[in-house]
Amino acid sequence: MRTVLAPEISEESCVIVGLFHDIGKIGMPGKPYYLPEIKDGEPTGAYTINPEIVAMGLSLRSLYLVSQYIPLSDEEAQAIAYHDGMYVPEGRSVAHKEEPLLLLLHWADMWTASVRERK
12 MRTVLAPEIS EESCVIVGLF HDIGKIGMPG KPYYLPEIKD GEPTGAYTIN PEIVAMGLSL
72 RSLYLVSQYI PLSDEEAQAI AYHDGMYVPE GRSVAHKEEP LLLLLHWADM WTASVRERK
């Protein structure tokens, strides 16, 4: 997809943002984001959000976690922070100012979600 739509974007940047844009869903070190829901002493198969975790958007949590270990370019940081695009209020702050990497990640993320939902 990158080769056709945006060949100027490095493969390395695509790999970094592709792998780590949703890493915030794991939570923080020692504090998982999702906890198994327990009812009558038994797991229900559902999950709840850990009430002990500091409130933060998942994209920002992803950016926070990744940036502690990997130096990111401005474009990579923008892509991780705003990949949910118009589907979250934060996305409005970069509307019409998106870098190509952000647009590519957003499209790929939405496409994979729709493919999974159809199954």
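Sequential numbering from 12 applies to the sequence shown in the numbering used here.
Each residue gets a CB set at the ideal place from its N, CA and C atoms; glycine is no exception.
A quick note: this is a predicted structure, and the numbers were derived from the prediction, not measured.
Along the length of the segment 87-130, whole alpha helix (DSSP H) runs at least 4 residues long occupy 111-129, reported in chain order. Residue environment: residue 124 is assigned as exposed (fewer than 16 neighbouring CB atoms within 10 Å of its CB, all protein chains considered).
For residue 46, the enclosing beta strand (DSSP E) covers residues 45-50. For residue 27, the closest of 41, 55, 89 by C-alpha to C-alpha distance is 89.
Residue 73 sits close to residue 32, with the two beta carbons spaced by under 7 Å. Note on geometry: alpha-carbon atoms of residue 63 and residue 42 lie some 8 Å from one another. In summary, residue 58 is exposed, with fewer than 16 beta-carbon neighbours lying within 10 Å of its beta-carbon over all protein chains present. Per DSSP, the beta-bridge partners of residue 58 are 47. Taking C-beta separations shorter than 6 Å and ignoring five residues to either side along the sequence, the partners of residue 54 in its chain run 47, following chain order. Secondary structure of residue 23 (DSSP, three-state): helix.
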